[in-house]
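**Q** Following this message is one structure expressed as structure tokens.
And the structure:
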């Protein structure tokens, strides 16, 4: 798929929808994860939260892949002309890492479930295939990696939000308004 030659002034409605739906799902998934691991014992609520958390993770994975395919075939707005080289590099690095994490976090959660011998049944109806068997060592590894990547995502999202706010209201380069058209 070829990119369009001309860079648009703002993101497409589809790109904006992907961005905000994924953002909401990531907040939801992180919040569910935060709550569910603090519930003592095995309770119906805890099991329900784990299921919902997995459903959100699978949805994030699918939408992130679709978003990457969309982005590969559609031009993105150019960064503001006055942005320094290090800021441009940081912006590209943060975006790349966000995409990597939107893919790897659900994968590590899925592998953690498999290693823990807990099936992932999407929306309570579609059992995802088991690609690894139960393994107590891998269970600990994938759980640890899944948690660490989530905290890394939290840090990157915080940087992303802070940079967007700084550009919109301090630098006044309308960077945030490209993803929030009502700010124009």
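In the numbering used here, the protein residues as written are 123 to 306. All C-beta atoms in this analysis are idealised placements derived from N, C-alpha and C, irrespective of residue type, glycine included. Quick caveat, the model's predicted, so the values are computed rather than measured.
Within the same chain, show all residues whose beta-carbon is closer than 8 Å to that of residue 133, passing over the 5 residues directly before and after it, in chain order.
**A** Closer than 8 Å at Cβ, skipping near neighbours: 141, 198, 199, 300 and 301.
**Q** If you drop the 5 nearest sequence neighbours on each side, which residues of the same chain put their C-beta closer than 6 Å to that of residue 186?
**A** Correct list, in chain order: 224 and 225.
**Q** How do the segment 263 to 281 and the segment 232 to 240 stand: do at least 3 beta-carbon pairs fall below 8 Å, yes or no?
**A** Touching, yes.
**Q** I'd like to know if the segment 195 to 214 and the segment 148 to 167 are in contact, where contact means that at least 3 CB-CB pairs between them fall below 8 Å.
**A** The segment 195 to 214 is not in contact with the segment 148 to 167.
**Q** Are the beta-carbon atoms belonging to residue 179 and residue 256 less than 8 Å from one another?
**A** For residue 179 and residue 256, no; Cβs fall outside 8 Å.
**Q** Pick out whichever of 293, 287 and 189 has its Cα sitting closest to the Cα of residue 220.
**A** Per the Cα distances, 189.
**Q** Quick one: which unbroken alpha helix (DSSP H) runs of 4-plus residues sit fully inside the segment 195 to 236? Chain order, please.
**A** Entirely contained in the segment 195 to 236, not one alpha helix (DSSP H) run reaches 4 residues.
**Q** Where do the N-terminal and C-terminal ends of the alpha helix (DSSP H) with residue 157 fall, by residue?
**A** Residue 157 -> alpha helix (DSSP H) spans 135 to 158.
**Q** Contact criterion: CB-CB distance below 8 Å. Does residue 266 meet it with respect to chain B?
**A** Considering every chain present, this structure includes no chain B. It has just one protein chain.
**Q** On the premise that residue 254 lies in contact with residue 237, defined as a C-beta separation below 8 Å, what is that separation, rounded to the nearest angstrom?
**A** Sure, about 6 Å apart at Cβ, within 8 Å.
**Q** I think residue 182 touches residue 171, with their Cβ atoms under 8 Å apart; what is that distance to the nearest whole Å?
**A** Not really, about 16 Å apart at Cβ, beyond 8 Å.
**Q** Find the nearest neighbour of residue 169 within the set 242, 274 and 138, judged by alpha-carbon distance.
**A** Per the Cα distances, 242.
**Q** Are residue 286 and residue 297 closer than 8 Å when you measure CB to CB?
**A** For residue 286 and residue 297, yes; Cβs fall inside 8 Å.
**Q** Shortest alpha-carbon distance to residue 215 belongs to which of 191, 176 and 278?
**A** Among 191, 176 and 278, the Cα nearest to that of residue 215 belongs to 278.
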